[in-house]
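**Q**
Number of protein chains: 4
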Amino acid sequence: MPARLAWNGYGKAAVRLVKVGRAGSRHDLSDLTVDVQLQGEFAATHASGDNSAVLPTDTMKNTVYALGKTTAVDPPESFGLALGRHFLEACPAASRAVVRLEAHRWDRLALGEKPHDHAFRRGTPELRIAEVSAERGQESVSAGIEELALLKTTGSGFEGFLRDQYTTLRETGDRIFATEVSARWRYARHSADWTDAWTSTRDALVETFAGAHSRSVQETLYAMGAAALAACPDIAEIRLVLPNQHHLLADLSPFGLPNDNEVFVATREPYGKIEGVVIRE
Amino acid sequence: MPARLAWNGYGKAAVRLVKVGRAGSRHDLSDLTVDVQLQGEFAATHASGDNSAVLPTDTMKNTVYALGKTTAVDPPESFGLALGRHFLEACPAASRAVVRLEAHRWDRLALGEKPHDHAFRRGTPELRIAEVSAERGQESVSAGIEELALLKTTGSGFEGFLRDQYTTLRETGDRIFATEVSARWRYARHSADWTDAWTSTRDALVETFAGAHSRSVQETLYAMGAAALAACPDIAEIRLVLPNQHHLLADLSPFGLPNDNEVFVATREPYGKIEGVVIRE
Amino acid sequence: MPARLAWNGYGKAAVRLVKVGRAGSRHDLSDLTVDVQLQGEFAATHASGDNSAVLPTDTMKNTVYALGKTTAVDPPESFGLALGRHFLEACPAASRAVVRLEAHRWDRLALGEKPHDHAFRRGTPELRIAEVSAERGQESVSAGIEELALLKTTGSGFEGFLRDQYTTLRETGDRIFATEVSARWRYARHSADWTDAWTSTRDALVETFAGAHSRSVQETLYAMGAAALAACPDIAEIRLVLPNQHHLLADLSPFGLPNDNEVFVATREPYGKIEGVVIRE
Amino acid sequence: MPARLAWNGYGKAAVRLVKVGRAGSRHDLSDLTVDVQLQGEFAATHASGDNSAVLPTDTMKNTVYALGKTTAVDPPESFGLALGRHFLEACPAASRAVVRLEAHRWDRLALGEKPHDHAFRRGTPELRIAEVSAERGQESVSAGIEELALLKTTGSGFEGFLRDQYTTLRETGDRIFATEVSARWRYARHSADWTDAWTSTRDALVETFAGAHSRSVQETLYAMGAAALAACPDIAEIRLVLPNQHHLLADLSPFGLPNDNEVFVATREPYGKIEGVVIRE
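Residue numbers (the numbering used here), protein chains in the order written: chain A, 1100 to 1380; chain B, 1100 to 1380; chain C, 1100 to 1380; chain D, 1100 to 1380.
1) Could you give the uninterrupted runs of the beta strand (DSSP E) lying entirely in the stretch 1201-1229 of chain B, keeping only those of 3 residues or more?
2) Span of the alpha helix (DSSP H) holding Thr1253(B)?
3) Apart from the five residues just before and just after Ser1124(A), which ones in its own chain have a Cβ nearer than 6 Å to its Cβ?
4) Exposed or buried, which one is Leu1154(C) when buried takes at least 16 other CB atoms within 10 Å?
5) Can you tell me the Cα-Cα spacing of Ala1146(A) and Arg1301(D), whole angstroms?
6) Counting Cβ pairs, one atom from each stretch, are 3 or more of them under 8 Å apart for the stretch 1254-1270 of chain C and the stretch 1326-1345 of chain D?
7) Suppose contacts are defined by Cβ-Cβ distances below 8 Å. Is Arg1314(A) in contact with Gly1148(D) by that definition?
8) Between the stretch 1361-1378 of chain A and chain B, which residues of the former have CB atoms less than 9 Å from a CB of the latter, in chain order?
9) Quick check: is the beta carbon of His1215(A) nearer than 8 Å to any beta carbon in chain D?
10) For Glu1318(C), report the span of its beta strand (DSSP E) as first-last.
11) Determine the DSSP secondary structure at Ser1241(C), reduced to helix, strand or coil.
12) For Val1297(B), would you say it is in contact with chain A, using Cβ-to-Cβ distances shorter than 8 Å as the test?
13) Tell me whether Glu1382(A) sits in a helix, a strand or coil according to DSSP, three-state version.
14) Kindly list, in the order they appear in chain B, the residues whose Cβ is closer than 9 Å to that of Tyr1265(D).
15) Is it true that the CB of Ser1232(A) sits closer than 8 Å to the CB of Val1197(A)?
16) For Arg1204(A), which option in Glu1230(A), Glu1238(A) and Asp1130(A) has the closest C-alpha, if you only look at C-alpha atoms?
17) Residues in the same chain with beta-carbon distance under 7 Å from Glu1246(A), minus the five sequence neighbours each way, listed in chain order, please.
18) Our contact map puts Val1305(C) next to Leu1249(C) with C-beta atoms below 8 Å; I'd like the distance itself, whole angstroms only.
19) Using the C-alpha atoms, what's the distance from Ala1329(D) back to Asn1360(D)?
20) Less than 6 Å between C-beta atoms, sequence neighbours within five positions excluded: which residues of the same chain meet that for Ile1378(D)?
21) Taking Cβ-Cβ distances shorter than 8 Å, what residues in chain D pair up with His1126(C)?
22) Are there 16 or more other CB atoms within 10 angstroms of the CB of Asp1157(D), so buried, or fewer, so exposed?
23) Around the C-beta of Asp1333(D), are 16 or more other C-beta atoms found within 10 angstroms, so that it is buried, or is it exposed?
24) Just list the beta strand (DSSP E) runs in the stretch 1261-1291 of chain B, keeping only unbroken ones of 3 residues or longer that don't cross its boundaries, in chain order.
25) What span of residues does the beta strand (DSSP E) with Glu1361(A) cover, start to end?
26) Is there a Cβ of chain D sitting closer than 8 Å to that of Cys1331(A), yes or no?
27) What does the alpha-carbon distance come out to for the pair Lys1251(B) and Pro1353(B)?
28) So the candidates are Ala1112(A), Leu1116(A), Tyr1109(A) and Ala1102(A); which of them puts its Cα closest to the Cα of Asp1350(B)?
29) Roughly how many angstroms separate the alpha carbons of Gly1236(B) and Arg1184(B), rounded to a whole number?
30) Let me see if you follow: with CB-CB separation under 8 Å, is Ser1129(D) close to chain A or not?
31) Grouping DSSP H, G and I as helix and E and B as strand, with all else coil, what is Gly1236(B)?
32) Is the separation between the beta-carbon of Leu1166(C) and that of Leu1182(C) shorter than 8 Å?
33) Would you tell me roughly how many angstroms separate the C-alpha atoms of Ile1275(D) and Ile1228(C), rounded to the nearest one?
34) For Arg1184(D), name the three-state secondary structure that DSSP assigns.
35) Mind checking if Pro1175(C) is an interface residue toward chain B, Cβ cutoff 8 Å exclusive?
36) Suppose the cutoff is 6 Å on Cβ atoms and the five residues either side in sequence are ignored; what does the same chain contact list for Leu1180(B) look like?
Put into structure tokens, the structure is as follows:
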């Protein structure tokens, strides 16, 4: 047959694990969505239905829960490394195990000022991401953010751009800048404290968005990436995707009303999409 | 023709209004989704395409932005009343104007300890709802909550239930209780401070969920409703919908592992759905 | 306590049942989402956590699968009636059982012209809905449609409407009319052939949308409702919700290009929402 | 600064274009979602807010509508090429323009047997994808499919797999195989008829899914890929992602009921995810 399998991967996605830490009366809560993928020498199952090298994806699911019991699931980077190492051992045909973890946010409730022992409220949609790629003899860890929505009511403009026959956009020195940060950074080395590294990076992104005047989404993207590299020395590179979620100034002129950047139409479609990769020089 | 129009309503849904309060250097941010509906004597447009009584839904959209400029949009109950009154005036055929507002949460960012003047992060998915029904000579205001997700890791059980030949559920004195509160309450009178009334009610719901031991979702629902009525004297009745978002204890026994309410499988389908209306005696 | 439970209902939602008909070599496929709700005398569980009258929602789920095996699941109205009757028997405290079924569409694949015995492709998003409300001594059956998206490229206008100071909409005798039909009709009596009744009603709705010139969404809604009543004598009333999914003429005038109803911007937000109930005179 | 921009891209996403073909009384309908991205020498806007090389994403949106008027939008591959070439001309700093188009399905309605001139019903969720990457002097065209849901009620098993201490899955020679095909193939050369090429490839995928006995999702994936390459000589490689959407046999044994592959629980989470790239030898 003139066809050849050039690459393959398989696994279980969307394994939903909730773990309650019950050491003492104050409970902790971890809420993870885990994806596992194995890559390697699985040509036989593709070519001839010989499944003898294939660890079932159902087993991957079971393993997430079993190791979720026997090992710590927080920080997610460590849990991902434990899973990745396990799967390389459990499945000899696999040359690489990729584990992706999303951590969902829950905030501890407080009654009055007192933190509650065991009641929580779901937090913001912001996801903490950890991605582990484990090969025999080599491990790579990335981390990131999804669905972190930020908005500035001023401190942003867009002027002096290229024009052609289809350009109708007006220049503006003052507009709303709304985005939903998607970030992924690769660690050059294992971090001594994964949560610390994540938090420093995340805070650098947020503070740069808030603090730096923006002459384009691109300028802000680069500044955010550079700030992340400066904040966390373990990071080798960071990829950012910043949608430009347009807030259009409502046209109130037919009604004889002024609108000095006060009333906006929030839109979902279409949106700008600005991407970039910033690396350490 | 043997058919008759028994009821009708029309309007514009999903009008997305963002308003920036720019009084002074510290900006405020309101983010609303507004639905408008008119009911009344619109039979002619249905029967014969005579649109002379019909205020276009496009005009409703324009009006949301125009009144969004000329009046306050916060609290949403007041803005809804202003819109409702306006539409009854603008459209003589309308006997009722229903305005529904969803307020999306944004939290002000802080750099260090210092609150930022104009940068925000999207808050939790929890929505504050206001619903106004304005008739000529009568106004009714309701408020509510959607997508407020709460979870307790203990303090909840379900025992002593009815069994039949299809019952396999085991009794338990300790389980996770996870829900997403949907609440709607009707005010008996206009409140002196809508935000105060909303906050007191919402806090009573959350505190009761956290504080009261639960022998069924039903027991918690009733306790939450009663607490809301107790907390806010302006409320005449409250409707609650509490899905029971099952967290199944992971079965680790095939692997020789204990699981003392520690590792759970979070599920989305199917889910329990418990509803009730609690009124003031 | 000055609070009283005025109404309550509980049940299991989103039970996902797939049944394969294996009589002969040609398989049939039914794909249902089932919601069950019981209403009645369940005050004790609300007030004091006495669950002895409460049939667990887990049992409802089991019952859907068990009766799914022992009875026919197609047509969904009949399956709903079987479930409703069962739950009234199984749970003495219940005075009403409400069962809602969504049927998901699968089309049999064909290889060449030959229908395949056991391979299917998911159909359009259109859902067939059946709703049964079973009380002791009384049964009510409704049926309906969700997510049936229809579009006409012409044969629709909107002129002669009311104007006020916020009206900027231009009159048009020719526009795109796009909607997503939501319909629910109540049967006056049990139908001899539920699928026949559903199909006649649905076809009447679609043909009227396509065939009748539209001077407003309202006119089309009423015509569709009247046609449904005419097509199916078993129906007592029908409720229709027709969103007006605006397709805005793209403004190409800055580029010196004509646009004679040829190029449109499809939008999601905001949208018109037209509702009506048509009954038999 | 020790940071460097290693890669960048920007553009407009989710441009929603509907075009009505009005040549004659029978109208045609094209419904596209278009994403445009430019890559190239845009470092100045990132580094110093100099936007003079940046064609605004708003202009990209305008261009989609303007060229949507002046050129054919069907087949989407041709429209994508026209857009890609245009943007390379309009923006000298761009070295590559990537255009991605999704074509949404609409089926012409028929009244009785007669096809309607201008009324349509939304088709299945299946999307036809076209992706063009235009560089100065080089063009690459890919096509694909998203959300094509297929299901076989038999003709699928999974046996003889690797087992470890966490394996509980039972072997089966007969199960439901449900998936949602995601496919992307790259053309080695411009096709003489893009729609013909797309249709042949798509049909080969569907027929192989239906016709070939499956001993693993992997075996089916490879067979589908090989069949696509055989069906369309213009294709150089194809990437397939086949989720395994598990349908679990309902356990009716507690109720003394048999279940010979008749009643299933459809699940969404977790799911298997099988991926592979098949190339021409």
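A virtual CB, placed ideally from N, CA and C, is assigned to each residue, including glycine.
**A** Result, derived from the coordinates:
1) 1205-1210 and 1213-1221
2) Note, Thr1253(B): premise wrong, no alpha helix (DSSP H); not H, not E.
3) Asp1216
4) buried
5) 21 Å
6) no
7) yes
8) Glu1361, Val1362, Phe1363, Val1364, Ala1365, Thr1366 and Arg1367
9) no
10) Where Glu1318(C) is concerned, there is no enclosing beta strand (DSSP E), although the alpha helix (DSSP H) it sits in stretches over Val1316 to Ala1330.
11) strand
12) Inspection of the sequence shows that residue 1297(B) is occupied by Trp rather than by Val. So, not an interface residue.
13) This structure leaves residue 1382(A) out entirely; chain A is present only between 1100 and 1380.
14) Pro1353 and Phe1354
15) yes
16) Asp1130(A)
17) Pro1224, Glu1225, Leu1226 and Glu1279
18) 7 Å
19) 34 Å
20) Glu1336
21) Thr1252 and Thr1253
22) buried
23) buried
24) 1276-1286
25) Counting along the chain, Glu1361(A) falls outside any beta strand (DSSP E), and DSSP gives it neither H nor E.
26) no
27) 28 Å
28) Leu1116(A)
29) 10 Å
30) no
31) coil
32) yes
33) 25 Å
34) helix
35) no
36) Val1231
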